[in-house]
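Visitor: Protein chains in written order, with my numbering: chain Z, 19 to 182; chain Y, 238 to 641; chain U, 16 to 211.
Note that CB positions come from ideal geometry on N, CA and C, so glycine has one too.
If you're wondering where the values come from, they're calculated on a predicted model, not measured in any experiment.
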Amino acid sequence: MGLEIGTNPMDMDAIAARLAADFAAELTDVRVQEPDTVVARCERAALKDVARRLKAHAEIGYETLNFVAGVDKVRHLESVYHVYSWKTNTYLELHVEVPKAKAEVDTVCDVWPAADWHEREAWDMVGIRYLGHPDLRRILLKDDFVGHPLRKDYVDSAENHPHA
Amino acid sequence: MPDQFATPEPDEAVKLALRRIEESTARGEGSDVEGLAFNEVVVNMGPQHPSTHGVLRLVVTLDGELVKDVIPVIGYLHRCKEKIAEKRTYFQYIPIVDRTEYVAGMNCEWGYVMTVEKLAGIRPTRRAEFIRVIMAELNRIASHQVAVGTFTADLAPLGTAMVFYMFRDREYILDLLEEVSGARMMFNYFRFGGLRYDLPDGWVEKCRDLMKRLPKLIDEYEALVQDNAIFLQRCVGKGVITQQDIVDYGISGPNARASGVARDLRRTRPYSVYPELDFEVSTQTHGDVFDRYQVRMQEMRESVKIVEQCLDMLPKGPVQLGFLRAPYVITPPPGECYTSQENPRGEYGTYIVSDGSRYPYRLKFRDPCFCNLQLFPKLLRGNKIADAVAISGSIDMVLGGIDR
Amino acid sequence: MTDMVPDRFKMRYPKLEHFQEPNVITTTADFIFSWARSHSVFPFTYGLACCAIEMLSSGFARFDVARYGMEVFRPTPRQCDLMIVAGTVNEKMAPVLKRLYDQMSEPKWVIGMGACAISGGPFYDGYNVVNGVDKIVPVDVYIPGCPPRPEALFQGLLELQIKIQQHKFVAETPKPAAQNPKPAAVTPAPVAGEEA
């Protein structure tokens, strides 16, 4: 019975304050979303470093990745990381803004192995390229699909959808 | 020869498998047999296969009977749910959520409805909360019956009687759910703030009656296979999920609890009226196929207990918030929300981004089977191909959730 | 109860108990073969999505499909005559569906079970969804529902039995054309010819 849940229960505001203090340079807009999630924005360039330090944090280690979502917010894309901390039994939602012109961000596969397929899905659906991913190819759509369907400007085309 | 019978070009997954064989041969791990460059064969299992539980394709690299590598290929049931969410109002989308994990429709609906309620700040009525728990737990029993039934059906093709017994009893539960919601599988029953219909007259007595009979029926299922030497030999010690895997890949649900990690979202992230209910979190220690089967059987018994408690504690009152009775349009304020709950397969979460309009801006499902399936290659490596069937059945995958 | 069954469901065979002693029954070869074929159809387990669970339920104890002689669900298309497409077909699955249909030997029939197989169902506007399996293979019976109850599946199977009984063994029955008059570029509708 090695893996325990909630060995270090902390108040949500205390967690938010701790993260804001430890990651003052990289995380902005740290706020609490009831009942057990902290939401924060992260700089794109600092993502890999922040991810490593979040996982290895002594008091609130965010060891498990729940999902990675790609969101198309018309002016930019967003890569949302949702991670879980066993020690405090809380979640953290990290938003990373990705410019549309150069839609690239570092992969976090080496930090959280679960990111493998989630990042492939975000690439498939929204078109965010994860640099350093071992095998970034389409996962849900057929291999020769053109375009990224969950973008707001995606238009159904005859080559993707011959049997409309 | 006509074109339609020509051998198709290998696609990306098969090319990847062949590339990996070439790389391992180049590294010196080729064949030790005279005249052969390498021992491996790439075999395609699926997408149409009796034992892959849906349209899952496995590109298996075999050395004789030993599995060297597995590349799962998914997407054969990708139905564009997340894009369709952007074209339907929140209310119109409720029937579509049912079809995500189609064997556990009530649980899926609840996940979606809970997220929208949190975004919009709606609190459901107390009677509705209790009935929601009853429906979710009944659906959990039905879902485990399908999961374990098809798992044993794969071990010996429809040869075990267990699947017939389980599907027969699943019909009793579906009768109850049909009386309440009108449908056997795609219920369309949950509404924002409550439920569509109240319980009909006499339903509580019928449910109580079934809950009295179910524990004996579960004993019957266990008696059919649990002492069978072949079943034990195929299941014990196979496909062990370690606690490190659970942390690395986000495994949840019975797959995690069978390895000794007592994480049940009904306890660790309580929602609805679960804090008032008394039930145990079922765990086992070894994390092999047999333990996952045992956890599911135990969970069926716990669900029976939960349903009985809810029937006893059921308060009187409305099941809908008064002003939301007719089909309506709901516009949650702009924001984002993620709620998750304990699906029969694990942590089922819905992440909704709202922009204040009638349509969701972005809807993402955190599906437990998608996360559990990532572990598949690691579990199968080193096992025989026949074990692949046992292990894939024990992981309990529903492709509707994986592919969305 | 038997007078409630529509006439077209009643096959016109002689009642064997009317004969007092061993006798000679004359009929056509078409009748005998279509009678045998319609009452021993081997369905193909082509359950894709939610309708597959209802198809499974119809095979088990409460709704027993063995009463119609159809409990032998074979997983390989080589041994089947009926493909029940139960679930949504999408662009990734379409070539697979076509190839499996081609691997079945004649005479073969297709049932489109559920709203998704008929017309795309609730996912009709998906970028990846084929709006009806009849764009790929010719369909003989459509069973509406989402999912259709096992009883609805049985009505569809009974209608198919009637259709099979009209199949001519001696003279070639013309194959129905696919509903989409313009064959899709990727997977053309099958045309019965000498290779069939």
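Is Y172 (chain Z) closer than 9 angstroms to Y116 (chain U) when the C-beta atoms are compared?
Guide: no
Visitor: Can you look up A199 (chain U) in the DSSP assignment and give me helix, strand or coil?
Guide: Caution is warranted here: a pLDDT of 41 is assigned to A199 (chain U), below 50, making its placement in the model unreliable, and the coordinate value is therefore given only provisionally. DSSP places A199 (chain U) in coil when its eight states are reduced to three.
Visitor: Would E346 (chain Y) be called buried (16 or more neighbouring beta carbons within 10 Å of its own) or exposed?
Guide: buried
Visitor: Is it true that the CB of L112 (chain Z) sits closer than 9 angstroms to the CB of R59 (chain Z)?
Guide: yes
Visitor: Say whether chain Y places a C-beta atom closer than 9 angstroms to the C-beta of G24 (chain Z).
Guide: yes
Visitor: Under a CB-based cut-off of 9 angstroms, is N143 (chain U) close to chain Z?
Guide: yes
Visitor: From D604 (chain Y) to L616 (chain Y), what distance separates their C-alpha atoms?
Guide: 19 angstroms
Visitor: Taking C-alpha atoms, which residue in Z:D153, Z:V164 and Z:V129 lies nearest to H75 (chain Z)?
Guide: Z:V129
Visitor: Would P400 (chain Y) pass as an interface residue toward chain U - the criterion being a Cβ-Cβ separation below 9 angstroms?
Guide: Per the sequence presented here, residue 400 (chain Y) reads as Val, with Pro not at that position. It does: the Cβ of V400 (chain Y) has a partner Cβ on chain U nearer than 9 angstroms.
Visitor: Since K107 (chain U) sits in a beta bridge, which residues does DSSP pair it with?
Guide: Paired residues: none, contrary to the question.
Visitor: Determine the extent of the alpha helix (DSSP H) in which D549 (chain Y) is found, giving its start and end residues.
Guide: Segment V526 to M550, the alpha helix (DSSP H) holding D549 (chain Y).
Visitor: I want to verify the contact list: residues of chain U whose CB lies under 7 angstroms from the CB of A182 (chain Z), in sequence order.
Guide: N146
Visitor: Taking the straight line between their C-alpha atoms, what separation do you get for V148 (chain U) and L71 (chain U)?
Guide: 20 angstroms
Visitor: What residues in its chain sit with their C-beta under 6 angstroms from that of L158 (chain Z), if we drop five residues either side in the sequence?
Guide: D142
Visitor: Check for me: the beta strand (DSSP E) holding L95 (chain Z) runs from which residue to which?
Guide: Residues H94 to S103.
Visitor: By the DSSP assignment, the beta strand (DSSP E) with H113 (chain Z) in it spans what residues?
Guide: T108 to P117
Visitor: Tell me the residue span of the beta strand (DSSP E) that contains T46 (chain Z).
Guide: T46 (chain Z) -> beta strand (DSSP E) spans L45 to Q51.
Visitor: Can you tell me which of the three DSSP states K722 (chain Y) falls into?
Guide: Nothing about residue 722 (chain Y) can be read from this structure; chain Y reaches only from 238 to 641.
Visitor: Using 9 angstroms as the threshold, is the C-beta distance between T108 (chain Z) and V56 (chain Z) below it?
Guide: yes
Visitor: What does the alpha-carbon distance come out to for the pair V532 (chain Y) and D525 (chain Y)?
Guide: About 11 angstroms.
Visitor: Do three or more CB pairs link the stretch 85-97 of chain U to the stretch 106-125 of chain U at distances below 8 angstroms?
Guide: yes
Visitor: Check the DSSP bridge columns for C345 (chain Y) and list the partner residues they point to.
Guide: BP columns for C345 (chain Y) are empty, so no partner.
Visitor: So what does DSSP say about M28 (chain Z), is it helix, strand or coil?
Guide: coil
Visitor: Could you have a look at L451 (chain Y) and say whether DSSP puts it in helix, strand or coil?
Guide: helix
Visitor: Let me confirm a value: E522 (chain Y) is counted as buried when at least 16 other C-beta atoms fall within 10 Å, else exposed. Which label applies?
Guide: What sits at residue 522 (chain Y) in the sequence shown is Thr, not Glu. It is exposed - the Cβ of T522 (chain Y) has fewer than 16 other Cβ atoms within 10 Å.
Visitor: For P284 (chain Y), which residues of its own chain have a beta-carbon under 7 angstroms away from its beta-carbon, when the five flanking residues on both sides are left out?
Guide: V292, L293, R294 and Y313
Visitor: Using a C-beta to C-beta distance shorter than 7 angstroms, which residues of chain Y count as neighbours of E174 (chain U)?
Guide: Chain Y residues near E174 (chain U): none, gap ~22 angstroms exceeds 7 angstroms.
Visitor: Taking DSSP's pairing of strands, which residues face L83 (chain Z) in a bridge?
Guide: Bridge partners of L83 (chain Z): Z:V101.
Visitor: Buried or exposed for Q557 (chain Y), please, with buried defined as at least 16 other CB atoms from any protein chain shown within 10 angstroms of its CB.
Guide: buried
Visitor: Just grab the DSSP bridge partners of W124 (chain U) for me.
Guide: Paired residue(s): U:L97.
Visitor: Please confirm if A263 (chain Y) has its CB atom under 9 angstroms from at least one CB of chain Z.
Guide: no
Visitor: Mind checking if I157 (chain Z) is an interface residue toward chain Y, Cβ cutoff 9 angstroms exclusive?
Guide: yes
Visitor: Flag M119 (chain U) as yes if its beta-carbon sits less than 9 angstroms from any beta-carbon of chain Y, otherwise no.
Guide: Not closer than 9 angstroms to any Cβ of chain Y, the Cβ of M119 (chain U) fails to qualify, so no.
Visitor: For E573 (chain Y), which of helix, strand or coil comes out of DSSP?
Guide: strand
Visitor: Could you give the distance in angstroms between the alpha-carbon of R377 (chain Y) and the alpha-carbon of I488 (chain Y)?
Guide: 18 angstroms
Visitor: DSSP on T520 (chain Y), reduced to helix/strand/coil?
Guide: If DSSP states are grouped into helix, strand and coil, T520 (chain Y) belongs with coil.
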